[in-house]
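**Q** Below are the structure tokens for one structure; questions will follow.
Residue numbers (our numbering), protein chains in the order written: chain S, 1 to 256; chain H, 1001 to 1646.
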């Protein structure tokens, strides 16, 4: 396949960015989107005459990636206006070139949200997510001194639903795709997982208030129920978890 | 004479760990506050260690190269975690888990370490459930188990096909809790590039801040490396793209012996390679072997037709299929350990029965299981794996048998540690896949998660106090000490040198060449001539790398090319040591198969008289040969026998 790529290039968080246009040829439909970018980078690096005196557009495109099997949550880019590209239930690394047509033009941008400042090109800083978890996304137990694992039976439907929520990989697609840059789906996934389990129930009220407060403080927007997050979530985390979080939040506020 | 002291406690095997805990020295809470510990890596071992040490009151600094500790590659583990709970009443016990792990490791692991691992396994499950890890449950609300390769009991706990993710998020949540409390300081996007020793003890590290390129010095009373395995030396592996050997390799160069580097695990069930552009391989959990049957056609003409897509594999009759694992190993069938399954698949493909166009794939068929249990049950068990496969291969495993082939997955070798998990550098500890201690020459499925969490939650917090009890009067170290300055300068010099080369070949092209040499000469089958040739090729590659590598941009920016160059430079050196180790070990054991040492029917042949030892290598300088130290493995409890899965 021969493709035209329009990729966002930005030197660092302070610089202004812009789109650069590149051509790639002979791309196999079986390769992944990131492997296509690898080939572009290989080409840019080999063509670059003076590796030090470079213009931003000449050197390799920086992007985050690690496991390349859809679980670490490190990769993420806006491809033709869709978070992780035009396929559902996948991360960017799971997107394959067979989803595109020969001679296509593909526009690639970083996640855009105020709490996710751009580090370089397509790389953004998502440490705001870590801060939200640090605000209360855990059960307060120390290592050791816990009861036997089978001591509290958990109804299978609850365990299964908790697992549905816990599948979140923290990639940030929900924030990037939301017109309000809301992190509700990410926060709800953790709140809901722990609220569904007896181990998390003990601190449920405090947790939901602290995590929501942190989310607001970091500048994530409000939820207006458009449901875009659910559509783009690579792990198909349902917005029903947002509903559960809202219930938890309301009950917590009313009783506190 | 060996200089290695494994410090295994006296006494009968089942009592060693409880005696140790009863007698080990402690640090009182007021003193713990004055002690700093650096933990590098935030996977299962690193995150659990950092969280547990912080809970005890130590000041912890945690480092990872990813943008968040939650992304460490433990997250990709799919199948499950073993524990000797015996919830299934199928005869499991601590002893049996210990025995299976020793046997699975082909009798090349240390008895005392493995027994301790089996002993603490149950506490791990309790801990994870208390953290809110959503393990799979049965309709009665109690925990479910599945069986895994190398065992005849069901002792594997799982969370769909995402067990590693859920366990890591549990450890990450414990870590996050300590960050909030101020007991852990997180350093994301940092690559550890050197170790700092002060008066012979590990007292700090030098890291590169990957965001702005700054070289930072960090000091502590002790350093813990939990930096994972080195499978990426093969370029194509199931590891994450960033997984690297650099921290343990730098420790090796500072005096931490590197043990059994040749023990690498080739996992039998990965998606086959399909093209030169490929950047990594994807694993399909071994748990699929519970319900999947592995086969190739019996007739060569069927193989040809399948390759040309003229024959649908489902149309091949049962009697025309060669279920080669069931045929060769009737007792364990599709659940033989990984090394055995991988070699059997390779044997069939080498004999010309490989089923994809390259001839390097076998079938894994779920049809029988779907007929027996229904599609719903299979979807519940393996849904996410099946989706992954579908996205990559563009075929539907519910209607078409999956194609799989072995791929590099895990490295049993690593930094040598004693019973305390301390390396040969005082104050330097090594946990999880990064150390060598628990899996011998082959790791059983669902044991890596167990070891990572055992080391971090339940072993290191005890054993490290034995060292730190002597350090309570040691004041905090200033990073202005000449030792830190010198190490920092070394790192800067190396980076400057890399940039000064201004060569013509990209870092990736060197990494691919290295991977090719490793796979051809030190892969699933190894022999003397091939290894000797491999060593020469690697020497040449090293020379070429330092003459012709091309790194773009500068060191003071986010620069992935520089990150890769630092890692590949270390991988090249490691590759040579792996070959030396493989050359030295003239026996076949576990994942290490020396073609010279096999039975007439192609099974691996161990040589216990000459090789029942740990090979620990000591670095002697840039151009000097490393020195081999042997730690004899004494088996007091189990009898060494030939593994038999027939």
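Backbone N, C-alpha and C define an ideal beta-carbon position, used for all residues, glycine too.
Since we're looking at a predicted model, the values are computed, not measured.
Thinking residue 119 (chain S) and residue 1211 (chain H) are a contact (beta carbons under 8 Å), I'd like their distance in whole angstroms, please.
**A** The residue given as residue 119 (chain S) occupies position 119 in the first chain. The residue given as residue 1211 (chain H) occupies position 211 in the second chain. Sure, about 6 Å apart at Cβ, within 8 Å.
**Q** Does the distance from the CB of residue 1277 (chain H) to the CB of residue 31 (chain S) come in under 8 Å?
**A** Numbered from its first residue, the second chain carries residue 1277 (chain H) at position 277. Numbered from its first residue, the first chain carries residue 31 (chain S) at position 31. Yes; because the gap between Cβ atoms is below 8 Å, this pair is in contact.
**Q** Looking at residue 1065 (chain H): is its Cβ nearer than 8 Å to the Cβ of residue 1225 (chain H)?
**A** Numbered from its first residue, the second chain carries residue 1065 (chain H) at position 65. Numbered from its first residue, the second chain carries residue 1225 (chain H) at position 225. Cβ distance not < 8 Å, so residue 1065 (chain H) and residue 1225 (chain H) don't count as in contact.
**Q** Below 6 Å CB to CB, which residues in the same chain sit around residue 1329 (chain H) once its five sequence neighbours on both sides are set aside?
**A** By 1-based counting over the second chain, the position of residue 1329 (chain H) is 329. The answer, listed in chain order, is 1336, 1645, 1646.
**Q** I want to see whether chain H comes within less than 8 Å of residue 31 (chain S), judged by CB atoms only; does it?
**A** Counting from one through the first chain, the residue named residue 31 (chain S) turns up at place 31. Chain H contact via Cβ: present.
**Q** Which residues in chain S have a C-beta closer than 7 Å to the C-beta of residue 1450 (chain H)? List them in chain order.
**A** The residue you call residue 1450 (chain H) lines up with position 450 of the second chain. Under the 7 Å cutoff, chain S gives no residues; its nearest Cβ is about 14 Å from residue 1450 (chain H).
**Q** Apply the 10 Å Cβ neighbour rule to residue 1374 (chain H) and answer buried if 16 or more other Cβ atoms are within range, or exposed otherwise.
**A** For the purposes of this step, residue 1374 (chain H) is identified with residue 374 of the second chain, where counting begins at 1. Residue 1374 (chain H) should be labelled exposed.
**Q** For residue 250 (chain S) and chain H, any beta-carbon pair shorter than 8 Å?
**A** Position 250 of the first chain, counted from the first residue, corresponds to residue 250 (chain S). No, its Cβ sits nowhere closer than 8 Å to a Cβ of chain H.
**Q** Would you kindly work out how many angstroms separate the C-alpha atoms of residue 1001 (chain H) and residue 1632 (chain H), rounded to a whole number?
**A** For the purposes of this step, residue 1001 (chain H) is taken as the residue at position 1 of the second chain. For the purposes of this step, residue 1632 (chain H) is taken as the residue at position 632 of the second chain. Note on residue 1001 (chain H): pLDDT 41, under 50, position unreliable in the model; the coordinate value appears next. Distance between the alpha carbons of residue 1001 (chain H) and residue 1632 (chain H) is about 11 Å.
**Q** Do you know how far the Cα of residue 41 (chain S) is from the Cα of residue 1011 (chain H)?
**A** Reading the second chain from its first residue, position 11 is the one you call residue 1011 (chain H). Reading the first chain from its first residue, position 41 is the one you call residue 41 (chain S). Taking the straight line joining both Cα atoms gives about 59 Å.
**Q** In whole angstroms, what separates the C-alpha of residue 83 (chain S) from that of residue 173 (chain S)?
**A** Residue 83 (chain S) sits at position 83 when you count from the first residue of the first chain. Residue 173 (chain S) sits at position 173 when you count from the first residue of the first chain. The alpha-carbon atoms of residue 83 (chain S) and residue 173 (chain S) are separated by roughly 6 Å.
**Q** Any C-beta of chain H sitting closer than 8 Å to the C-beta of residue 128 (chain S)?
**A** Here residue 128 (chain S) refers to the residue found at position 128 of the first chain. Output row for residue 128 (chain S): interface = no.
**Q** If you follow the alpha helix (DSSP H) that residue 1286 (chain H) is part of, which residue opens it and which one closes it?
**A** Sequence index remark: in the second chain, residue 1286 (chain H) carries index 286 (1-based). Segment: none, residue 1286 (chain H) is in no alpha helix (DSSP H) and carries neither H nor E.
**Q** In angstroms with no decimal places, state the Cα-to-Cα distance between residue 203 (chain S) and residue 1218 (chain H).
**A** For the purposes of this step, residue 203 (chain S) is taken as residue 203 along the first chain, with counting starting at 1. For the purposes of this step, residue 1218 (chain H) is taken as residue 218 along the second chain, with counting starting at 1. Whole-angstrom Cα-Cα distance: 36 Å.
**Q** How would you write the range of the alpha helix (DSSP H) that residue 1267 (chain H) sits in, first residue to last?
**A** Position 267 of the second chain holds residue 1267 (chain H). From DSSP, residue 1267 (chain H) is part of no alpha helix (DSSP H) but of the beta strand (DSSP E) over 1264-1270.
**Q** Residue 193 (chain S): buried (16+ other C-beta within 10 angstroms of its C-beta) or exposed?
**A** For this step, residue 193 (chain S) is matched to residue 193 along the first chain. It counts as buried.
**Q** Note down the Cα distance separating residue 138 (chain S) from residue 1609 (chain H), rounded to an integer number of angstroms.
**A** Here residue 138 (chain S) refers to the residue found at position 138 when the first chain is read from its first residue. Here residue 1609 (chain H) refers to the residue found at position 609 when the second chain is read from its first residue. Answer to the nearest angstrom: the Cα atoms are 51 Å apart.
**Q** Taking 8 Å as the cut-off, decide whether the C-beta atoms of residue 1360 (chain H) and residue 1273 (chain H) are in contact.
**A** As a first step, residue 1360 (chain H) is located in the second chain; it is residue number 360 there, counting from the start. As a first step, residue 1273 (chain H) is located in the second chain; it is residue number 273 there, counting from the start. Going by C-beta atoms, residue 1360 (chain H) is nearer than 8 Å to residue 1273 (chain H).
**Q** Out of H:1515, H:1201, H:1437, H:1401, state which residue places its alpha-carbon closest to the alpha-carbon of residue 1233 (chain H).
**A** Numbered from 1 along the second chain, position 233 holds the residue referred to as residue 1233 (chain H). For residue 1233 (chain H), the closest alpha carbon among the candidates H:1515, H:1201, H:1437, H:1401 is that of H:1515.
**Q** Taking the CB atoms as reference points, tell me whether residue 1091 (chain H) and residue 1156 (chain H) lie closer together than 8 Å.
**A** Counted from its first residue, the second chain places residue 1091 (chain H) at position 91. Counted from its first residue, the second chain places residue 1156 (chain H) at position 156. Going by C-beta atoms, residue 1091 (chain H) is not nearer than 8 Å to residue 1156 (chain H).
**Q** What does residue 215 (chain S) reach in chain H if we use C-beta pairs closer than 9 Å?
**A** Position 215 of the first chain, counted from the start, is the residue given in the question as residue 215 (chain S). By Cβ distance, chain H contributes nothing, its closest Cβ being about 15 Å from residue 215 (chain S), past 9 Å.
**Q** Would you mind sorting residue 988 (chain H) into buried or exposed? The rule is 16 or more other CB atoms within 10 Å of its CB.
**A** No information on residue 988 (chain H) is available, as it lies outside the stretch 1001 to 1646 that chain H covers here.
**Q** With the cut-off set at 8 Å, would you say residue 1366 (chain H) and residue 1406 (chain H) are in Cβ contact?
**A** The sequence position of residue 1366 (chain H) within the second chain is 366, counting from 1. The sequence position of residue 1406 (chain H) within the second chain is 406, counting from 1. 8 Å or more divides the Cβ of residue 1366 (chain H) from the Cβ of residue 1406 (chain H).
**Q** From the beta carbon of residue 1581 (chain H), is the nearest beta carbon of chain S less than 8 Å away?
**A** Counting from 1 along the second chain, the entry for residue 1581 (chain H) is found at position 581. By this cut-off, residue 1581 (chain H) is not an interface position.
**Q** Run through chain H and tell me which residues come within less than 7 Å of residue 167 (chain S), C-beta to C-beta.
**A** Translated into positions along the first chain, residue 167 (chain S) becomes position 167. Under the 7 Å cutoff, chain H gives 1162.
**Q** In chain S, which residues lie less than 7 Å from residue 1055 (chain H) when you measure between Cβ atoms?
**A** Mapped onto the second chain, residue 1055 (chain H) falls at position 55. Under the 7 Å cutoff, chain S gives 142, 143.
**Q** Quick one: which chain S residues come within Cβ less than 9 Å of residue 1565 (chain H)?
**A** Position 565 of the second chain holds residue 1565 (chain H). In chain order: nothing, as chain S lies at least about 12 Å away.
**Q** Chain S partners of residue 1126 (chain H), CB-CB under 8 Å?
**A** Locating residue 1126 (chain H) in the second chain gives position 126, counting from the first residue. Those are 146, 147, 148, 149, listed as they occur along chain S.
**Q** Relative to the alpha-carbon of residue 1270 (chain H), which residue among H:1473, H:1440, H:1362, H:1204 has its alpha-carbon at the smallest distance?
**A** Residue 1270 (chain H) sits at position 270 when you count from the first residue of the second chain. Ranking the options by Cα distance to residue 1270 (chain H), first place goes to H:1362.
**Q** What do you reckon, are the CB atoms on residue 121 (chain S) and residue 48 (chain S) nearer than 8 Å?
**A** Numbered from 1 along the first chain, position 121 holds the residue referred to as residue 121 (chain S). Numbered from 1 along the first chain, position 48 holds the residue referred to as residue 48 (chain S). For residue 121 (chain S) and residue 48 (chain S), no; Cβs fall outside 8 Å.
**Q** Counting only Cβ pairs nearer than 8 Å, list the residues of chain S close to residue 1166 (chain H).
**A** Along the second chain, one-based indexing puts residue 1166 (chain H) at 166. Per Cβ cutoff of 8 Å: 163, 166.
**Q** What separation, rounded to the nearest whole angstrom, lies between the Cα atoms of residue 234 (chain S) and residue 1137 (chain H)?
**A** Translated into positions along the first chain, residue 234 (chain S) becomes position 234. Translated into positions along the second chain, residue 1137 (chain H) becomes position 137. One C-alpha to the other measures close to 24 Å.
**Q** If you reduce the DSSP assignment to three classes, tell me which class residue 1155 (chain H) lands in.
**A** Translated into the one-based positions of the second chain, residue 1155 (chain H) becomes position 155. Correct three-state label for residue 1155 (chain H): coil.
**Q** Using beta carbons (cut-off 8 Å, strictly below), is residue 1457 (chain H) in contact with chain S?
**A** Numbered from 1 along the second chain, position 457 holds the residue referred to as residue 1457 (chain H). It does: the Cβ of residue 1457 (chain H) has a partner Cβ on chain S nearer than 8 Å.
**Q** Is residue 1315 (chain H) near residue 1378 (chain H), with beta carbons less than 8 Å apart?
**A** Reading the second chain from its first residue, position 315 is the one you call residue 1315 (chain H). Reading the second chain from its first residue, position 378 is the one you call residue 1378 (chain H). Not a contact, by the Cβ cut-off of 8 Å.
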